[in-house]
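J.: Counting from 1 along the sequence shown, just add 82 to a position and that's the residue number in our numbering.
Glycine is no exception: its CB is placed at the ideal position from the N, C-alpha and C atoms.
Here the structure is a predicted model, which means the values were calculated and not measured.
Below you will find the structure I want to go over with you.
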Amino acid sequence: VTLQFPPQTLDAAIDATTRARTMVDAFRQANPHLQIHLTGLAAVEAAYPEASQQDMAVLTPLMYAIILLASVLMLRSLGALLVVLVAITMATAATLGASGWLGFEATALTGLLPTIVLATSVAEIMHMISAARQKSGQYGNRRVDLACAAIRETVKPIAIGTATNAVGFYSLVFAASPP
83 VTLQFPPQTL
93 DAAIDATTRA
103 RTMVDAFRQA
113 NPHLQIHLTG
123 LAAVEAAYPE
133 ASQQDMAVLT
143 PLMYAIILLA
153 SVLMLRSLGA
163 LLVVLVAITM
173 ATAATLGASG
183 WLGFEATALT
193 GLLPTIVLAT
203 SVAEIMHMIS
213 AARQKSGQYG
223 NRRVDLACAA
233 IRETVKPIAI
243 GTATNAVGFY
253 SLVFAASPP
């Protein structure tokens with residue numbers, strides 16, 4: 083059976099695959115001695131959002147745990163740990179919210195977005211915290227001045243790194259990625 087879906091309709095492939103899985107399960111129960119596998123374009127197209135959801139359910143919390151453990155070991159400060167946690171949570175939430183608001187479909191690439199944002203945002207916040215710690219002797223208890231100085235020192239390298247990452251990931255849009 084060859085299925086022809088209207089262009090740009092992921093829901094049709096997911097619906098067809100769900101129905102096919104129901105049929106395969108019924109056939110397996112009636113014929114337990116046979117091996118049955120679901121293949122084809124519809125199954126592949128339905129697998130992308132499923133894999134993305136699985137990754138987000140497993141990899142994102144695992145990344146949070148690893149990042150927080152590494153932050154505790156490197157920073158040895160509850161305040162700095164809270165800054166890291168708030169920053170990466172806000173970055174991830176903003177990315178997911180913006181992608182949903184802009185109507186991005188769940189694909190293998192968009193499923194990796196939270197993990198990519200976590201990795202880049204934790205690197206950026208660690209640079210800022212490191213700069214603030216290096217300058218802490220100059221500013222004493224003037225925390226606002228210290229934060230401004232750390233941001234001033236790190237804004238250019240972070241902007242260049244972020245722009246480079248954005249160009250690199252945007253180039254994936256034009257790369258061929260067959261199923």
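Between the alpha carbons of Ala229 and Tyr252, how many angstroms are there, rounded?
T.: Distance between the alpha carbons of Ala229 and Tyr252 is about 31 Å.
J.: Could you tell me the alpha carbon to alpha carbon distance between Val126 and Ala169, rounded to whole angstroms?
T.: Distance between the alpha carbons of Val126 and Ala169 is about 35 Å.
J.: For the candidate residues Phe186, Arg158, Asp93, Arg234, whose alpha-carbon lies nearest to that of Ala214?
T.: Looking at the Cα atoms, Arg234 is the closest of the given residues.
J.: Grab the span of the alpha helix (DSSP H) containing Phe317 for me, first residue to last.
T.: A question about residue 317 goes unanswered here, because the residues of the chain that appear run from 83 up to 261.
J.: Excluding the five sequence neighbours on either side, which residues of its own chain have a C-beta within less than 7 Å of the C-beta of Ile118, listed in chain order?
T.: The residues are Val106, Phe109, Arg110.
J.: Does the stretch 236–249 touch the stretch 198–206, meaning 3 or more C-beta pairs lie closer than 8 Å?
T.: The answer is yes - the stretch 236–249 touches the stretch 198–206, with three or more Cβ pairs under 8 Å.
J.: Exposed or buried, which one is Met210 when buried takes at least 16 other CB atoms within 10 Å?
T.: Label assigned to Met210: buried.
J.: Look up Gln86 in the DSSP assignment and say whether it is helix, strand or coil.
T.: Here Gln86 sits in coil by DSSP.
J.: Are the CB atoms of Leu195 and Thr177 nearer to each other than 7 Å?
T.: Contact flag set, yes.
J.: Answer with buried or exposed for Pro131, where buried requires no fewer than 16 other C-beta atoms within 10 angstroms of its C-beta.
T.: Under this definition Pro131 is a buried residue.
J.: I need the boundaries of the alpha helix (DSSP H) containing His209, first residue and last residue.
T.: Per DSSP, His209 belongs to the alpha helix (DSSP H) from 195–221.
J.: Alpha helix (DSSP H) containing Ile118: first to last residue?
T.: Element bounds for Ile118: n/a, residue is neither H nor E.
J.: Contact check, Leu200 vs Met145 under 8 Å by CB: the rounded distance?
T.: About 5 Å; that satisfies the 8 Å criterion.
J.: What separation, rounded to the nearest whole angstrom, lies between the Cα atoms of Asp227 and Thr236?
T.: Between Asp227 and Thr236, the C-alpha separation is close to 14 Å.
J.: Which of helix, strand or coil does DSSP assign to Gly185?
T.: Coil at Gly185, not helix or strand.
J.: With a Cβ-Cβ cutoff of 7 Å, do Thr104 and Ala128 count as a contact?
T.: Taking 7 Å as the Cβ cut-off, Thr104 and Ala128 do not qualify as a contacting pair.
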